[in-house]
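In this note's numbering, the protein residues as written are 7 to 204.
Structure (structure tokens):
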């Protein structure tokens, strides 16, 4: 009787009626099931496969190539950008000289044509270097993609690492966190320079 009186004294929405007990039990079951669903994928994830000694050696070689070639190509890219600026300045000077040239001065006209031929040859040679560098950068990006797919975040045995040459060990320890593959600035959409003067 005292228990019934106590429930009667409680507000109706706080009284633990049989229906409310069932609802609370269902909520607890659903909450527990959801927690299990959230945790299961994390527990079920497979660990990355450990690199074999041969794979580790290959990955170390890729890291060395990526580090060395990225640095070399970055320096080469800076040098090519400076040369591009010089070529474009020279092209502008030749256009100005062409526009101010006296038609009756045949000797000056012939000298101008010779300078134009030489400048055009320099421009074509520069564009060939740009094309070759672009191919190297594309190959380096493909190598980086292969490394990401087959080497990155894969465990390996310490003994296998220590069996590698010292420079390969250093490359694996350094990793690729600070490596940036260079790009060719968009001067002519593909980095080349247009024919200077028509």
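Every residue gets a Cβ at the ideal spot worked out from N, C-alpha and C, and that includes glycine.
Item to complete: Determine the DSSP secondary structure at residue 185, reduced to helix, strand or coil.
Response: DSSP, reduced to helix, strand and coil, places residue 185 outside both helices and strands of the structure shown, so it counts as coil.
Practice prompt. Say whether the stretch 55-70 touches the stretch 108-116, bearing in mind that this needs 3 or more beta-carbon pairs closer than 8 angstroms, one atom from each stretch.
Written response: A contact is defined here as three or more CB-CB pairs under 8 angstroms, and the stretch 55-70 fails this definition with respect to the stretch 108-116.
Worksheet item: In the structure shown, what three-state DSSP assignment does residue 82 receive?
Response: In the three-state DSSP reduction, residue 82 falls in the helix class (H, G or I).
Item to complete: Along the alpha helix (DSSP H) that carries residue 122, what are the first and last residues, could you check?
Response: Taken as a continuous stretch (DSSP letters only), the alpha helix (DSSP H) holding residue 122 covers 112-156.
Worksheet item: Where does residue 53 sit, in a helix, a strand or coil, going by DSSP?
Response: Residue state, collapsed to three classes: coil.
Discussion item. On the criterion of 16 or more Cβ atoms from any shown chain inside 10 Å, does residue 163 qualify as buried, or is it exposed?
Written reply: By the 10 Å Cβ count, residue 163 comes out exposed.
Worksheet item: How many angstroms separate the CA atom of residue 117 from the CA atom of residue 80?
Response: Cα to Cα, residue 117 sits roughly 38 angstroms from residue 80.
Worksheet item: When the distance is taken between beta carbons, is residue 84 closer than 8 angstroms to residue 128?
Response: No, these two residues do not count as a Cβ contact at 8 angstroms.
Fill in: Cβ neighbours of residue 149 in the same chain (closer than 8 angstroms, five flanking residues each side left out)
Apart from the 5 residues on each side of it in sequence, residue 149 sits with its Cβ closer than 8 angstroms to the Cβ of 68, 71 and 72 in its chain, given in chain order.
Worksheet item: How is residue 163 classed by DSSP in three states: helix, strand or coil?
Response: Residue 163: coil per DSSP, three-state reduction.
Worksheet entry | C-alpha distance - residue 96 paired with residue 138, whole-angstrom precision | The alpha-carbon separation between residue 96 and residue 138 amounts to approximately 23 angstroms.
Worksheet item: For residue 59, which of helix, strand or coil comes out of DSSP?
Response: In this structure, residue 59 counts as helix in the three-state DSSP scheme.
Worksheet item: When we look at the beta-carbon of residue 102 and count the other beta-carbons within 10 Å, is it buried (16 or more) or exposed?
Response: Classification of residue 102: exposed, given that the 10 Å Cβ count is below 16.
Practice prompt. With a cut-off of 8 angstroms on the beta carbons, I'd call residue 171 and residue 54 a contact; round off their distance for me.
Written response: In fact, because the Cβ distance is near 25 angstroms, the residues do not count as touching under 8 angstroms.
Worksheet item: In three-state DSSP terms, what is residue 107?
Response: Here residue 107 sits in coil by DSSP.
Worksheet item: Below 8 angstroms between beta carbons: does that hold for residue 146 and residue 75?
Response: The Cβ-Cβ distance between residue 146 and residue 75 falls below 8 angstroms.
Worksheet item: What does a CB cutoff of less than 7 angstroms around residue 8 pick up in its chain, not counting 5 residues either side in sequence?
Response: Confidence at residue 8 is low in this model, with a pLDDT of 46, below 50, so the placement of that residue is unreliable and no value is reported for it.
Discussion item. Between the alpha carbons of residue 66 and residue 77, how many angstroms are there, rounded?
Written reply: Within the model, the alpha-carbon separation for residue 66 versus residue 77 is close to 17 angstroms.
Fill in: Distance between residue 166 and residue 89 (C-alpha atoms, nearest Å)
Residue 89 and residue 166: Cα-Cα distance of roughly 46 angstroms.
Worksheet item: Hey, out of 99, 153, 178 and 82, whose CA is closest to residue 121's CA?
Response: The candidate whose alpha carbon is nearest that of residue 121 is 99.
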